[in-house]
Amino acid sequence: MLAAAAVAVLLLVAPASQAIYSVGEIPNGSLVKKDGSSSVYYFADGGRYVFPNERTFFTWYDGFDSVLTVMSNVLSSIPLRGNVTYRPGVRMVKIQTDPKVYAVDAGGTLRWVNSESVARTLYGSDWNRQIDDVPDAFFVNYVVGEPVNAAADFSPSQVRARVGTIRENRTATPVPSAP
């Protein structure tokens, strides 16, 4: 479900110096936006992926310096392929209709962090300020994996190091918890 197509992230993007006139000019793994728009997409493998919101974008990027501007007809010719999920290991997420807090693992896998003490060990004393609400409509972009029952079950820094790009995340799988 590509509900995000209508909810593309509205971001303040610095104007690019030159517009791109064909899909072939866009390097794989680029950030693109339509001329005159602030909605940013991730381009890969001939398709574009929507950032559901600013928070998702900022788990992957610090700013907009690398965003390429493409002509309107070029962007509309690139098929929507899905939504970008949070970068693994950066922040925890939850949805408003479920009190569970999840660590984001590789491949858009959510792992329930089943206690405050585990969350504190993994994300520090301000762990409760590192949780974002994901709109229910975008929860379907994730899969629920094994819970994090102990700090040894998940390492935010290791998953961040292992999954450094959106492209890597699209094909990555979580490392299984220790038995």
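As numbered in mature numbering (1 follows the signal peptide of the UniProt record, and there is no 0), residues -19 to -1, 1 to 160 make up the sequence shown, in order. For each residue, glycine too, the CB sits at the ideal point set by N, CA and C.
- prompt: Which value, in whole angstroms, describes the spacing of the CA atoms of V(-11) and P33?
  reply: Because the pLDDT at V(-11) is just 44, under 50, the model does not fix this residue reliably, and the point stays unresolved.
- prompt: Any contact of the stretch 23 to 43 with the stretch 58 to 71, i.e. 3+ C-beta pairs under 8 angstroms?
  reply: yes
Cβ-based neighbour list, A131, same chain, cut-off 8 angstroms, excluding 5 preceding and 5 following: V99
task: Return the chain-ordered list of same chain residues with a C-beta closer than 8 angstroms to the C-beta of D16, the five sequence neighbours on each side being excluded.
output: Spatial neighbours of D16 in its own chain (CB-CB distance under 8 angstroms, excluding positions within 5 residues in sequence) are listed in chain order as A(-1), T50, V51, M52 and S53.
Beta-carbon gap between V129 and A87 smaller than 8 angstroms: no
task: Rounded to whole angstroms, what's the CA-CA distance from R101 to S19? Just pull it up for me.
output: 36 angstroms
field: C-alpha gap between K75 and D107, whole angstroms
entry: C-alpha separation (whole angstroms): 16 angstroms.
- prompt: S138 to G5, Cα distance in whole Å?
  reply: Near 35 angstroms, if we compare the C-alpha coordinates of G5 and S138.
query: Considering only the beta carbon of each residue, do T146 and G27 sit closer than 8 angstroms?
result: With a cutoff of 8 angstroms on beta-carbon distance, T146 and G27 are scored as not near each other.
message: My parser needs the alpha helix (DSSP H) runs of 4 or more residues fully inside the stretch 40 to 72; what are they?
response: 53 to 58
Cut-off 7 angstroms between Cβ atoms - residues of its own chain near Y67, not counting five sequence neighbours on either side: T37, T40, V74 and V85
query: How is G89 classed by DSSP in three states: helix, strand or coil?
result: helix
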